[in-house]
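Heads up: the structure comes next, in structure tokens.
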Amino acid sequence: AAEGEGRVRVGAKRLLERAVYRRADRFVVLSAPFKRILVESYGVSPWKVAVIPPGVDLSAFAPGDRSADRAALGLPANAFIAVAVRRHVSRVGLEVLLDAWAAIDLPDSLLVLVGDGPLRPALEDQAERLGLAGRVRFLGRVPEAMLPKVYRAADVSVVPSVTLEGFGLTTLESLACGTPVIVSDVGGLPSAVSGLDGDLVVPAGSAVELAGRLESAHDGTRPFPHEAA
-17 AAEGEGRVRV GAKRLLERAV YRRADRFVVL SAPFKRILVE SYGVSPWKVA VIPPGVDLSA
43 FAPGDRSADR AALGLPANAF IAVAVRRHVS RVGLEVLLDA WAAIDLPDSL LVLVGDGPLR
103 PALEDQAERL GLAGRVRFLG RVPEAMLPKV YRAADVSVVP SVTLEGFGLT TLESLACGTP
163 VIVSDVGGLP SAVSGLDGDL VVPAGSAVEL AGRLESAHDG TRPFPHEAA
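According to the working numbering, the stretch in the sequence shown is residues -17 to 211, in order.
Following this line, the structure appears as structure tokens:
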């Protein structure tokens, strides 16, 4: 439904989900908000649901040399770089991120969008319409082995989802590389950064709040947590 499918297809999928769930003995979800969806929307007994947060391979996702990673990716050495590693679909809020990036005035800044999907042409059109040529770079899909370099090359990752985000594994991947993450207050995203500064969470769908948080980090009024944290 979030991606605009018709009512008939959405209804059929919901019926199929309910049929499968009625036959299940145990459920595993990544976060408490998704457990709540099972219980409140599908009538699943809370006693059948286990919340098991995901993890990442710390031998692959680890701090490194930011300068070397920027050079390897062809990114400017001294720019303020924000990255979003996301499938290009409506629910992940990349449209909001582009609006926020257009609203801020940060010298020598670059937004890097990694991933692909059906929304990419529309996002590229939006970036052009907003006058973001030179300030946004679409990298498309990158090999899994390159992802740590992408995170380490950035000053910040952004996960601006607007709905249905069970946890957001990209959040942990970025943190493991020592790069802070700004997330929206959707699903399991706040819990992924809860051990850090609560100031990393912004209201979902608000380009104004997201722009303000990026600017305040850049000017030092609300700095990000240190890499070691």
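By construction, the Cβ of each residue, glycine as well, lies at the ideal position given by its N, Cα and C atoms.
Cβ shell of residue i (< 7 Å), same chain only, five flanking positions each side left out
| i | result |
| --- | --- |
| residue -16 | 72, 73, 145, 146 |
| residue 205 | 199 |
| residue 182 | 162, 163, 164, 165, 175 |
| residue 97 | 67, 68, 69, 70, 123 |
| residue 158 | 38, 40, 43, 44 |
| residue 116 | none |
Beta-carbon proximity check, residue i vs residue j, cutoff 8 Å
| i | j | result |
| --- | --- | --- |
| residue 93 | residue 118 | yes |
| residue 124 | residue 64 | no |
| residue 132 | residue 199 | no |
| residue 23 | residue 170 | no |
| residue 67 | residue 129 | yes |
| residue 80 | residue 105 | yes |
| residue 84 | residue 112 | yes |
| residue 192 | residue 82 | yes |
| residue 75 | residue 187 | yes |
Residue i versus residue j: straight-line alpha-carbon distance, rounded
| i | j | result |
| --- | --- | --- |
| residue 95 | residue 172 | 22 Å |
| residue -7 | residue 142 | 27 Å |
| residue -9 | residue 5 | 22 Å |
| residue 77 | residue -3 | 31 Å |
| residue 228 | residue 156 | Residue coverage of the chain in this structure runs from -17 to 211, which leaves residue 228 outside it and unanswerable. |
| residue 211 | residue 153 | 14 Å |
| residue 61 | residue 197 | 14 Å |
| residue 201 | residue 209 | 18 Å |
| residue 9 | residue 87 | 46 Å |
| residue -13 | residue -1 | 16 Å |
| residue 179 | residue 43 | 21 Å |
| residue 29 | residue 7 | 10 Å |
| residue 19 | residue 57 | 41 Å |
| residue -5 | residue 103 | 28 Å |
| residue 127 | residue 203 | 35 Å |
| residue 99 | residue 207 | 32 Å |
| residue 47 | residue 1 | 50 Å |
Residues of its chain near residue i, where Cβ-Cβ distance is below 6 Å and the 5 sequence neighbours each way are ignored
| i | result |
| --- | --- |
| residue 17 | 11, 31, 33 |
| residue 195 | 164, 184 |
| residue 160 | 45, 209 |
Buried/exposed call for residue i, threshold 16 Cβ in 10 Å
| i | result |
| --- | --- |
| residue 134 | buried |
| residue 89 | exposed |
| residue 37 | exposed |
| residue 165 | buried |
| residue 148 | buried |
| residue 40 | exposed |
| residue 25 | exposed |
| residue 136 | buried |
DSSP beta-bridge partners of residue i
| i | result |
| --- | --- |
| residue 122 | 96 |
| residue 183 | 165 |
| residue 63 | 92 |
| residue 139 | 65, 163 |
| residue 9 | 31 |
| residue 115 | 118 |
Beta-carbon contacts of residue i that lie in its chain and below 8 Å, excluding the five residues immediately before and after
| i | result |
| --- | --- |
| residue 59 | 49, 52, 53 |
| residue 151 | 36, 38 |
| residue 21 | 27, 28, 31 |
| residue 190 | 82, 85 |
| residue 114 | 80, 83, 84, 93 |
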